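K.L.:
According to this note's numbering, the sequence shown holds residues 13 to 271 in order. Pasting a structure below so you can have a look.
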Amino acid sequence: MSKKSYGVNPSLKEGEMGRTGTTKTHPGGEFMAKLFRLMIAGMIASAITLGVVDESLLATTFDLVGVTDPNLTARVDFGYTSGSGIISIDIQNTSFLAAGPDPRFTAFAFNVPANVTGFSTFSGPPGWTGLYDLDDINTPGQFGFFDMTGLTGPNFEGGSPNDGIPRASTFNFEFTLTGSNLNLLNEDSFLGLLSFDPAGPPDESEQYFIGRFQRTGSNEEGSDVAIPGTPIPEPATMLLLGSGLIGLAGYGRKKLFKK
Numbered sequence: 013m014s015k016k017s018y019g020v021n022p023s024l025k026e027g028e029m030g031r032t033g034t035t036k037t038h039p040g041g042e043f044m045a046k047l048f049r050l051m052i053a054g055m056i057a058s059a060i061t062l063g064v065v066d067e068s069l070l071a072t073t074f075d076l077v078g079v080t081d082p083n084l085t086a087r088v089d090f091g092y093t094s095g096s097g098i099i100s101i102d103i104q105n106t107s108f109l110a111a112g113p114d115p116r117f118t119a120f121a122f123n124v125p126a127n128v129t130g131f132s133t134f135s136g137p138p139g140w141t142g143l144y145d146l147d148d149i150n151t152p153g154q155f156g157f158f159d160m161t162g163l164t165g166p167n168f169e170g171g172s173p174n175d176g177i178p179r180a181s182t183f184n185f186e187f188t189l190t191g192s193n194l195n196l197l198n199e200d201s202f203l204g205l206l207s208f209d210p211a212g213p214p215d216e217s218e219q220y221f222i223g224r225f226q227r228t229g230s231n232e233e234g235s236d237v238a239i240p241g242t243p244i245p246e247p248a249t250m251l252l253l254g255s256g257l258i259g260l261a262g263y264g265r266k267k268l269f270k271k
């Protein structure tokens, strides 16, 4: 694309006078382009400084909320490293005191794209196991059938509260996937998929992630499932956006003082 001519001598530097006595100025379009380049430069610099190029920092964060008891909550950080094909999930039990003396988070499930055929290794706290069963992991309630799960019992509906995540604690889980073209996947490849709804009634309320709580209520004999609430902006994204805005503010301040 050729550069536009604004009727000034392009060899003049800012502040120099031409033969007609006209000072070279920056047209509005060029000024906005400089602002845009500055913001991009600030983001790139922040990415390098903060190590944002590390995919492990680009996890998607969202909250789970109990279907029956909204006081049951959990925060999920879902990350995927395409180079190694590893899903890393951090789950924090953020339940309120009204949910009971000691509610435990005992299972979770999600979906995988068609080119994933399972996982070779699973790592998690003692008492937890991983399971892959395409479109066949059932959960309490009508929320569809999932593909991959981490659980503390023989199935999603069972489980051991003693091995579950206590309130205010965070557990980490990792699945090393098997399949093809795993390097082309990202977090959205998993969280953009909904659970399987078989043909015919009942009509399932499909979800992209689900959790299980046990030992709920004042008598600690209840249970519930939790489904996603509103996604939370990624910390890395917010830092980059903030650094870009700071760069814009700094540039505006410089221009103001030059005047």
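In this text, a Cβ means the ideal position worked out from N, Cα and C, and glycines have one as well. On a predicted model such as this, the values are computed, not experimentally measured, just so you know.
Checking 7 Å against the spacing of the C-beta atoms, do residue 190 and residue 130 come in under that value?
P.N.:
Counted from its first residue, the sequence shown places residue 190 at position 178. Counted from its first residue, the sequence shown places residue 130 at position 118. Against a cut-off of 7 Å, the Cβ pair of residue 130 and residue 190 comes out as a contact.
K.L.:
Going by alpha carbons, who is nearest to residue 116 out of 72, 93, 181 and 148?
P.N.:
Residue numbering aside, residue 116 sits at position 104 when the sequence shown is read from its first letter. Out of 72, 93, 181 and 148, 181 has the C-alpha closest to the C-alpha of residue 116.
K.L.:
Apart from the five residues just before and just after residue 125, which ones in its own chain have a Cβ nearer than 6 Å to its Cβ?
P.N.:
Your numbering for residue 125 matches position 113 in the sequence shown. So the qualifying residues of the chain are 201.
K.L.:
Exposed or buried, which one is residue 141 when buried takes at least 16 other CB atoms within 10 Å?
P.N.:
To locate residue 141, count along the sequence shown from 1; it is residue 129. Exposed, since its Cβ has fewer than 16 Cβ neighbours within 10 Å.
K.L.:
DSSP state of residue 226, grouped into three classes?
P.N.:
As a position in the sequence shown, residue 226 is number 214, starting the count at 1. Residue 226 falls in the strand class under three-state DSSP.
K.L.:
Could you name the residues that DSSP lists as bridge partners for residue 143?
P.N.:
Looking up residue 143 in the sequence shown gives position 131. As DSSP reads the structure, residue 143 sits in a beta bridge with 161.
K.L.:
Does DSSP classify residue 199 as helix, strand or coil?
P.N.:
Indexing the sequence shown from 1 puts residue 199 at position 187. If DSSP states are grouped into helix, strand and coil, residue 199 belongs with the helices.
K.L.:
Please state if the CB of residue 134 and the CB of residue 187 are separated by a distance shorter than 7 Å.
P.N.:
Residue mapping note: residue 187 aligns to position 175 of the sequence shown, counting from 1. Residue mapping note: residue 134 aligns to position 122 of the sequence shown, counting from 1. Yes, the pair counts as a contact, with Cβ atoms nearer than the cut-off.
K.L.:
Tell me, which residues are paired with residue 76 by DSSP?
P.N.:
As a working note, residue 76 is residue 64 in the sequence shown. Per DSSP, the beta-bridge partners of residue 76 are 86 and 240.
K.L.:
Give the C-beta separation of residue 177 and residue 83 to the nearest angstrom, bearing in mind that I take them to be a contact with Cβ-Cβ under 8 Å.
P.N.:
Your numbering for residue 177 matches position 165 in the sequence shown. Your numbering for residue 83 matches position 71 in the sequence shown. Actually they do not touch by this definition, with Cβ atoms about 16 Å apart.
K.L.:
Please name the residue in 148, 90, 119 and 80 whose C-alpha comes closest to that of residue 72.
P.N.:
Taking the sequence shown and counting its residues from 1, the one referred to as residue 72 is at position 60. Cα-wise, what sits closest to residue 72 is 90.
K.L.:
State buried or exposed for residue 215, treating a residue as buried only when at least 16 other CB atoms are found within 10 Å of its CB.
P.N.:
For this step, residue 215 is matched to residue 203 along the sequence shown. Under the 10 Å beta carbon count, residue 215 is surrounded by fewer than 16 other beta carbons and is classified as exposed.
K.L.:
Tell me the residue span of the beta strand (DSSP E) that contains residue 132.
P.N.:
In the sequence shown, residue 132 corresponds to position 120, counting from 1. Run containing residue 132: 128 to 135, per the beta strand (DSSP E) assignment.
K.L.:
Within the same chain, show all residues whose beta-carbon is closer than 7 Å to that of residue 147, passing over the 5 residues directly before and after it, in chain order.
P.N.:
Reading the sequence shown from its first residue, position 135 is the one you call residue 147. Excluding positions up to five away in sequence, the list reads 157, 159 and 208.
K.L.:
If you run the structure through DSSP and keep just helix, strand and coil, what is residue 114?
P.N.:
As a first step, residue 114 is located in the sequence shown; it is residue number 102 there, counting from the start. In this structure, residue 114 counts as coil in the three-state DSSP scheme.
K.L.:
Which residues bound the beta strand (DSSP E) around residue 151?
P.N.:
Here residue 151 corresponds to residue number 139 of the sequence shown, with the count starting at 1. Counting along the chain, residue 151 falls outside any beta strand (DSSP E), and DSSP gives it neither H nor E.
K.L.:
If I follow the unbroken beta strand (DSSP E) through residue 81, where does it start and stop?
P.N.:
For the purposes of this step, residue 81 is identified with residue 69 of the sequence shown, where counting begins at 1. Looking at the DSSP string, residue 81 is not in any beta strand (DSSP E), and its letter there is neither H nor E.
K.L.:
Classify residue 154 as buried or exposed, calling it buried when 16 or more other Cβ atoms lie within 10 Å of its own Cβ.
P.N.:
As a first step, residue 154 is located in the sequence shown; it is residue number 142 there, counting from the start. Counting Cβ neighbours within 10 Å, residue 154 comes out exposed, since fewer than 16 surround it.
K.L.:
Is the Cβ-Cβ distance between residue 103 and residue 88 less than 7 Å?
P.N.:
Locating residue 103 in the sequence shown gives position 91, counting from the first residue. Locating residue 88 in the sequence shown gives position 76, counting from the first residue. With a cutoff of 7 Å on beta-carbon distance, residue 103 and residue 88 are scored as near each other.
K.L.:
In whole angstroms, what is the alpha-carbon distance linking residue 110 and residue 223?
P.N.:
Here residue 110 corresponds to residue number 98 of the sequence shown, with the count starting at 1. Here residue 223 corresponds to residue number 211 of the sequence shown, with the count starting at 1. The alpha-carbon atoms of residue 110 and residue 223 are separated by roughly 19 Å.
K.L.:
Provide the residue span of the beta strand (DSSP E) that contains residue 102, from first to last.
P.N.:
Along the sequence shown, read from residue 1 onward, the residue named residue 102 stands at position 90. 98 to 105 is the extent of the beta strand (DSSP E) around residue 102.
K.L.:
According to the neighbour-count rule (16 or more other Cβ atoms, all chains shown, within 10 Å of its Cβ), is residue 61 buried or exposed?
P.N.:
Sequence index remark: in the sequence shown, residue 61 carries index 49 (1-based). Here the model assigns residue 61 a pLDDT of 47, short of 50, so the residue's position is not dependable and the matter cannot be decided.
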